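Read the sequence shown against this note's numbering and you will find it ends at 1257, with the numbers running on by one and no gaps. Working notes, beginning with the structure itself.
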Amino acid sequence: MPDQYEVFSLVEFCSSRQLIPSNLTAYVVNAHTLSLTWDLPSNVNAIDRVYIVATELGPKNRTIQSQSFDNSIKKLDFQINPNDPHSIHPNQTVLFSALCSDRNGQNSSKIEYQFYVNIINPAPRDVRVVRINDTTVQVFWSPVYHPTVARYIIHYNDKADHKAENKWSLYSPSNPGSTSAIISGLKPDAMYNVRVSAEFSSANIHDPHYVPGTSSREGELSEIQVADIYRRSKDIIHYDDHLSRPYNLTYVDLTSNSVKLLFFFNETNPDHRRHIQKLEVHYEGIQNYVDGLGTTRSTSHHNLAGLISIPATQGSREWLVTGLVPNTQYTFNLTGTISSSEQSSIKIYSRPATIRLSTDYDAPPYVDRPEQDRRILLQTSGRPTQASKVNLRLHRASTKNGPIDRYYVVVHLIEHISYQQYVPQEGRKECCYTAAVFNESQLPDVFVLGDGKETRDWDPFHHRVYNNSPLSSVCKVKLVSWGFNRKKENLTTSSATIDVNLLPKIVQPQNQDTFNSLLWIFGIIVLIFLILLIVIIFILKYNRTKKKPLTPPPECVPFDLTPKVLTMEMQMPMIPTTISPASSNEPVEFRRTQPSNTYHTITKEVPVNTHPPIHIDEFGEHLERLKAADNYKFSQEYESIDPGQQFSWENSKFEYNKPKNRYANVIAYDHSRVILHAIDGIAGSDYINANYLDGYRKQNAYIATQGPLPNTFADFWRMIWETNSACIVMMTKLEERNRLKCDQYWPSRGTEVYGSIQVTLTDFIELSSYSIRTFTIAWTGHPEKREVRHCQFTAWPDHGILEHATSFLMFVRRVKVLNPVDAGPIVVHCSAGVGRTGCFIVVDALLERLKLEKTIDIYGHVTLLRAQRNYIVQTEEQYIFIYEAINEAIQSGQTEVPARNLLTHLQRLLQPINDSSLTDMELEFKRLANVKAQPSKFLSANNPANKFKNRLVNILPYENTRVCLSPVRGVEGSDYINASYIDGYRFKNGYIATQGPLTETVDDFWRMVWEHNVTIIVMLTKLKEMGREKCTQYWPTDRSARYGYFVVDPVGAYNMPQYLLSEFKVTDSRDGQSRTVRHFLYTEWPEQGVPKVGEGFIDFIGQVHKTKEGFGQEGPIVVHCSAGAGRTGVFLTLSVVLERIRYEGVVDVFQTVKLLRTQRPALVQTEDQYQFCYRSALEYLGSFDNFVSS
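Printed below as a string of structure tokens:
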């Protein structure tokens, strides 16, 4: 690395001098260090923290460092290292941003400085040459980010003209800032060397009298690129043995992607009557490898490497061939050639000189992250304990780039790891070690992490031993695996990481050594089973003869809370049911097939078989029939469901248990209630208002319970512990419509003790429609700890039901993923534990049924659950919602895929169906249009006073999601703007999707920005495209402008490679308050279609959200194109999809777009845009750095 650098200060951006750092200065300390210093304002004691962000500017901005300090620090050192992603790279422009926060947490305005770190006069990068025709090429390059670039110069010469080897023709574009140029007048049937350089001026290049080329110096030349304008005609080939030929073809400097060919050429042979005009190198390569799934594959690579000139005298020659593929066997043929005449298409070749070689190995491809295998771990004796080992499924890397020599399993222990990030925070204890090593053939499919075994490194130079130590119960594990090969240096690739959760062990009896011991154990088990069977038969016979008076439940009165909340809506007495646990694999089918004489007939018998299961192909039509005539048949069907009120609830009526019931008439049936272990001396200590409910082919799959009361917190957590439940589903907020629905039974932070159970909150993540808490629970005084997930659905409206089931279905599926397969029942509650609780349980069970059967039995399942807890599915409205949710699940299908399977999934979507022209991608996109909104959804948009405010008549905001402005007295429709609230992945109403403002709506637009606390605007269209206006310019450029009450003052504009960033100061003229608004104008979206690649758009989305997180205040991001539907929908979809990839590792473009369309019509308008979302997600996953850094 050279010892001397130059640092150019480019420009300072600052909008205010209030409480901000000043005098930002960068200087080089030595060849490896650059220092940044700053001064703090005089009122330094008012400053709490100073924030410094260093960003390398370029086509893809790169954050170098982001740090904060107290007010005593005024200097920060940066390393200069071109190979370190966290260091400053030479020949780059670095933007330093600084701001302060006061003692109240308020941020100041920021100050920004750009510095250029210069080692030499840099060369342009990424030079590409594209052939236009036989005599013309176009050259492209990336700009040099340097303050004194005056122009660019293209150097080119004829590759075949040996005399002109050191002579270059020069061309400079007329536009000095251009990054492409067209070179014409070239010779056809030729190849040219092309290089590009930048010219740097010591004069003021912004001076209107500046002349390019004066007071300037030329920078370094780029690498040579070959412009191949060789005619690709179908030449007639003829071999001539008398043609002079190359010989002794060998090679040196072989790497993974290049080789230098050496050969001799001798023209003194008298037999060679003809002299060749050119040499051609042809090569073909075969790459044999095993992919990550163990499948042997073979790929061919071939090319015409190019033409070279013939030396005038004999001797050796050399030629560097680049662009090869690692781990590939190549055959190179070097031949001489002439044409029979200038006009002839006949080409005459000499016999080729041939050589075979294999390219060197390169680093292995990306390794899929390990997966935790939640198999039950067994211990042979003692009390249940926390597991100290887990099963991990390991994935092999492809040998495409060369053989894998070995795999290392690396463990990173982190205490108090956050759900959101893997980066250790201050105060965490870290420990990193290698748990095991395997050679390529020994890598197991399932690896037991923490089994205490040793593995040895077989390398004769190292002799290392790795111990697979047992895992600690207080830590979580970060696992990394990678492969090595044994070339000259280690070539490594690391997988992504995985959080490893420790599972509880299950105690099993110790194994016996003799066959007789096994027989004794088997005999005891059979004896116990027979005794239980006799007892069950006795109880059943006793219940059949026992006569119990029917006591109707009292009105639903909450104890000391509110007046009557629930109503008695189910009055028709029905046939009770008693379910034998061993009678059937499917509880609903058992209920259907049980003879009627086994039930108590109260007044009449209405068999459940009058409503048989519905085939999924007929389900949609069946639903429409039920909805006809204002849901008349729905009402009939719902009212005919057995209310199940004939069962006893004696335990709920005991005086010492009544205070434990939230509502007087929502009780726990005796036969299905959850029975806690009784506490000596405490009457009713075995009681909690909770019932076991059956799922699909699984009895007691759920526990339905009420929202815990303060006097039942301890009982609730005791139930979680005793039933080994690992997942709690909460279907209500704590308060709704100013009424208490549930008391908070968990700690907001840290640890709380409820009775004998210690509950610790370890993680909390809040998403737009639900939140997930992670608790560690332990029995006081015992070492065993368990993890419990608390999933709270927050999108259910305070009154009524959800309008669309999409978000609810996504929540149900998320709960299914979070709940371990070996855990106890899922505990579900709302307020009373019957209405929304019943909706969740029925939908979850029927989604399981859909995986295995082609029929749906909503009626039968609700009837079954009514016999286990009263009032399950409390209202007809909820019953209809279950139908709508299942219908949506049938219509949509399973579209969620693990991120690692997205490529395979996308390939399947793009394949034609049964040799037709249709693809699954087209059908999937068409399914999005199945739901048609009624005119009643657009009341305000269709108001005659508002119609002129809509750019398009078919893109209107729904009434329930539209953005409302403060009404102006006496002006009809003054609260209307064509804009919709959109939920993000993490934040409800995180975005506003709107149309490009019209001339008549510019004032309303800025009113919306101010009233809804908007600080970021994203614009995805040009003002005019295809000769038509797409958006009115609603912002000033040079001087301030007034829009209604608001004065908008331009502060600065920064022209980035893919977008234009503008900053505005917006002031309310009524009270003088001001706010900074940043405007991102994306400039790379083509006027027709979609971008060819998604990388630039992904980077743009990331930059918008980084700006929001770093400098934005609370408030939505406004996104618009022209109509606020197509490109706007793509931006919103990818924002959600990419964030979900980072948090969950899954992709579901279909459900994401469907959910967005429930908030604004036509988001993602075309199939091209829809497919672009898939391709962009795949490109994002292909970027290993992006995926891991998340």
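Note that beta-carbon positions come from the ideal geometry of N, C-alpha and C, so glycine has one too. Note that the coordinates shown come from a computational prediction; the quantities given were computed from them, not determined experimentally.
Looking at C-beta atoms only, is the number of pairs between the stretch 216 to 230 and the stretch 240 to 253 that lie closer than 8 Å three or more? Segment contact: the stretch 216 to 230 against the stretch 240 to 253, three or more CB-CB distances shorter than 8 Å; contact assigned.
6 Å Cβ shell around R192 - same chain, five flanking residues per side excluded: Taking the sequence shown and counting its residues from 1, one reaches residue 192 at position 125. Excluding residues within five positions, the ones whose Cβ falls inside 6 Å are S209.
One or two residues paired with V1197 in a DSSP bridge: In the sequence shown, counting from the first residue as 1, residue 1197 sits at position 1130. Paired residues: none, contrary to the question.
I'd like to confirm the pairing. Which residues does DSSP put opposite M236 in its beta bridges? As a working mapping, residue 236 is identified with position 169 in the sequence shown. The residue asked about is misnamed: residue 236 is Ser in this sequence, not Met. For S236, which the question treats as bridged, DSSP gives the partners Y223.
On the premise that H1079 lies in contact with G1182, defined as a C-beta separation below 8 Å, what is that separation, rounded to the nearest angstrom? Stepping through the sequence shown from its first residue, residue 1182 is reached at position 1115. Stepping through the sequence shown from its first residue, residue 1079 is reached at position 1012. Contact between G1182 and H1079 is confirmed by a C-beta separation of about 6 Å, below the 8 Å threshold.
Let's test the definition: count the other Cβ atoms within 10 Å of the Cβ of L1205 and tell me whether it reaches 16, buried, or not, exposed. Locating residue 1205 in the sequence shown gives position 1138, counting from the first residue. Around the C-beta of L1205, 16 or more other C-beta atoms lie within 10 Å, and the residue is accordingly described as buried.
Through-space distance from V1213 to E722, alpha-carbon basis: Taking the first residue of the sequence shown as position 1, residue 722 is located at position 655. Taking the first residue of the sequence shown as position 1, residue 1213 is located at position 1146. Answer to the nearest angstrom: the Cα atoms are 51 Å apart.
Could you give the DSSP three-state label for M1093: helix, strand or coil? Taking the first residue of the sequence shown as position 1, residue 1093 is located at position 1026. In this structure, M1093 counts as coil in the three-state DSSP scheme.
So, using beta-carbon positions, are S1202 and G1051 closer together than 8 Å? By 1-based counting over the sequence shown, the position of residue 1202 is 1135. By 1-based counting over the sequence shown, the position of residue 1051 is 984. Result yes, Cβ atoms of S1202 and G1051 sit closer than 8 Å.
What do you reckon, are the CB atoms on R785 and G822 nearer than 8 Å? Translated into positions along the sequence shown, residue 785 becomes position 718. Translated into positions along the sequence shown, residue 822 becomes position 755. Yes, Cβ-Cβ distance for R785 and G822 is below 8 Å.
Look at P255 and T202 and say whether their C-beta atoms are less than 8 Å apart. Your numbering for residue 255 matches position 188 in the sequence shown. Your numbering for residue 202 matches position 135 in the sequence shown. Yes, Cβ-Cβ distance for P255 and T202 is below 8 Å.
On the three-state DSSP scale, how would you describe E915? In the sequence shown, counting from the first residue as 1, residue 915 sits at position 848. If DSSP states are grouped into helix, strand and coil, E915 belongs with the helices.
Give the DSSP-derived three-state secondary structure of N954 in the structure shown. Translated into the one-based positions of the sequence shown, residue 954 becomes position 887. Under the three-state reduction of DSSP, N954 is assigned to helix.
Taking the C-alpha atoms as reference points, what is the distance between Y500 and V477? Counting from 1 along the sequence shown, the entry for residue 500 is found at position 433. Counting from 1 along the sequence shown, the entry for residue 477 is found at position 410. Distance between the alpha carbons of Y500 and V477: 6 Å.
In whole angstroms, what is the alpha-carbon distance linking A113 and S133? Here residue 113 is taken as the residue at index 46 of the sequence shown, counted from 1. Here residue 133 is taken as the residue at index 66 of the sequence shown, counted from 1. Their Cα atoms are separated by approximately 22 Å.
Going by C-alpha distance, which of T971, Y926, E802, W846 is nearest C897? On the sequence shown, position 830 is the one that residue 897 refers to. Taking C897 as reference, the option from T971, Y926, E802, W846 with the minimal CA-CA separation is E802.
Given a cut-off of 8 Å on the beta-carbon distance, is the pair P88 and A165 in contact? Counted from its first residue, the sequence shown places residue 88 at position 21. Counted from its first residue, the sequence shown places residue 165 at position 98. Yes; because the gap between Cβ atoms is below 8 Å, this pair is in contact.
Would DSSP call F714 helix, strand or coil? Here the question's residue 714 lines up with position 647 in the sequence shown. Coil at F714, not helix or strand.
Would you mind reading off the limits of the alpha helix (DSSP H) that contains E32? Within the shown structure, residues of the chain are numbered from 68 to 1257, placing residue 32 beyond reach of any answer.
Please confirm if the stretch 1088 to 1096 is in contact with the stretch 1115 to 1125, defined as three or more CB-CB distances below 8 Å between the two stretches. Fewer than three Cβ pairs drawn from the stretch 1088 to 1096 and the stretch 1115 to 1125 lie within less than 8 Å of each other, which leaves the two stretches out of contact.
So is R423 buried or exposed if we call it buried at 16+ other beta carbons inside 10 Å? Taking the sequence shown and counting its residues from 1, the one referred to as residue 423 is at position 356. When all chains shown are included, R423 counts as exposed.
Is it right to say S448 is buried, meaning 16 or more other beta carbons lie within 10 angstroms of its own, or is it exposed? Position 381 of the sequence shown holds residue 448. Confidence in S448 is poor, its pLDDT being 42 and thus under 50, which makes the residue's placement unreliable; the coordinate value appears in the next sentence. It counts as exposed.
Given D905 as reference, the closest of V884, D924, T942, R881 once Cα atoms are compared: Taking the first residue of the sequence shown as position 1, residue 905 is located at position 838. The question names Asp, but residue 905 in the sequence shown is Gly. Looking at the Cα atoms, T942 is the closest of the given residues.
Between K1055 and the rest of its own chain, which residues show a CB-CB distance below 6 Å, the 5 nearest in sequence each way excluded? Position 988 of the sequence shown, counted from the first residue, corresponds to residue 1055. Around K1055: S835.
Between G1139, R1142, I1168, which lies nearest to R1151 when the distance is taken from Cα to Cα? As a first step, residue 1151 must be located in the sequence shown, where it is residue number 1084. The amino acid occupying residue 1151 in the given sequence is Glu; Arg does not appear at that position. When each option's Cα is compared against that of E1151, the closest is I1168.
If you draw a straight line from the alpha carbon of L931 to that of R1145, how long is it in whole angstroms? Residue mapping note: residue 931 aligns to position 864 of the sequence shown, counting from 1. Residue mapping note: residue 1145 aligns to position 1078 of the sequence shown, counting from 1. So the two alpha carbons sit approximately 57 Å from each other.
Does the stretch 1025 to 1033 come close enough to the stretch 1156 to 1175 that 3 or more CB-CB pairs lie under 8 Å? The answer is no - the stretch 1025 to 1033 does not touch the stretch 1156 to 1175, with fewer than three Cβ pairs under 8 Å.
Could you check if Y1110 belongs to the surroundings of the ligand ZN, using beta carbon to heavy atom distance under 7 Å? In terms of ligand content, the structure shown is empty, and the ligand ZN therefore cannot be addressed.
Between D761, T799, I746, which lies nearest to A781 when the distance is taken from Cα to Cα? Position 714 of the sequence shown holds residue 781. Considering only alpha carbons, the answer is I746.
Own chain partners of S1007 with C-beta closer than 7 Å, once the 5 adjacent residues on each side are dropped: One-based indexing of the sequence shown puts residue 1007 at position 940. Within its own chain, the residues whose Cβ lies closer than 7 Å to the Cβ of S1007, once the five positions on either side in sequence are excluded, are N1013, E1026, R1029, Y1043, listed in chain order.
Any chance the stretch 858 to 874 sits against the stretch 725 to 740, with 3 or more Cβ pairs inside 8 Å? Contact annotation: the stretch 858 to 874 does not touch the stretch 725 to 740, with fewer than three C-beta pairs closer than 8 Å.
S1141 and W1102 - do their beta-carbons sit closer together than 8 Å? Locating residue 1102 in the sequence shown gives position 1035, counting from the first residue. Locating residue 1141 in the sequence shown gives position 1074, counting from the first residue. With respect to S1141, W1102 sits apart: the two C-beta atoms are not nearer than 8 Å.
Please identify the residue among D512, D709, G1094, H678 whose C-alpha is closest to the C-alpha of R936. Stepping through the sequence shown from its first residue, residue 936 is reached at position 869. Looking only at D512, D709, G1094, H678, the smallest Cα-Cα distance to R936 is reached by D709.
Assuming D810 and L776 form a contact by the criterion Cβ under 8 Å, report the distance between their Cβ atoms to the nearest whole angstrom. By one-based count along the sequence shown, residue 810 stands at place 743. By one-based count along the sequence shown, residue 776 stands at place 709. Between L776 and D810 the Cβ distance is about 6 Å, and since that is below 8 Å, they are a contact.
Using the three-state DSSP reduction, which class does A1244 fall into: helix, strand or coil? Translated into positions along the sequence shown, residue 1244 becomes position 1177. Helix at A1244.
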